[in-house]
Structures are given as structure tokens and as C-alpha cells.
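A.B. asks:
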Amino acid sequence: MTAPAGTLRHKAINTIRTLSMDAVQAANSGHPGAPMGAAAMAYILWTRHLRHNPADPAWPDRDRF
Numbered sequence: 005m006t007a008p009a010g011t012l013r014h015k016a017i018n019t020i021r022t023l024s025m026d027a028v029q030a031a032n033s034g035h036p037g038a039p040m041g042a043a044a045m046a047y048i049l050w051t052r053h054l055r056h057n058p059a060d061p062a063w064p065d066r067d068r069f
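Put into C-alpha cells, the structure is as follows:
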């Protein structure tokens with residue numbers, strides 16, 4: 005999935021990639037390739053398909069990721 009540079013989607017996907025690199029570096033273990041490659045998929049899954057409500061994190065019918 006390609007998003008035009010500068011869009012919110014592009015910035016969010018790049019943020020997920022950056023955070024995954026930071027997590028691998030902090031753990032001093034692993035390889036960042038898979039989470040960086042899956043960042044766009046995770047973004048689409050989270051924003052378009054998962055049912056969640058940040059105002060009610062204990063909602064019993066929410067999807068878990």
C-alpha cells in the first residue's frame with residue numbers, strides 16, 4: 005500500500021515503522037524487517053476493521069489486537 009507523502013496515513017505508517025525499529029533496538033534482540041514491512045497492514049487493520057472505543061477500553065465486545 006502506498007500513500008502519498010505528507011498524508012496522515014503515510015505519517016502514521018512511518019511512525020509505526022520507527023517505533024518498531026526502536027523496540028527492536030531497545031530489546032537488543034530481533035530483526036526489524038517484519039514489523040517494518042507489516043506496518044501498512046497493521047495500520048489498515050487497526051483503522052478500518054478492528055472495533056474499538058478509546059473512550060471505553062473495557063468494552064467487552066471490542067476486538068483485541
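Mapping of the sequence shown onto the working numbering: residues 5 to 69, in sequence order. For each residue, glycine too, the CB sits at the ideal point set by N, CA and C. These numbers were taken from a predicted model, which means no experiment stands behind them.
1) List in chain order: all unbroken alpha helix (DSSP H) runs of 4+ residues lying wholly within the stretch 36 to 69.
2) Whose C-alpha, out of M40, P61, D60 and D65, is nearest the C-alpha of T22?
3) Taking only the alpha-carbon atoms, compute the straight-line gap between G34 and H56 and give it to the nearest angstrom.
4) Give the straight-line distance between the Cα atoms of P36 and M25, rounded to the nearest whole angstrom.
C.D. replies: According to the structure data:
1) 37 to 41 and 43 to 48
2) M40
3) 29 Å
4) 5 Å
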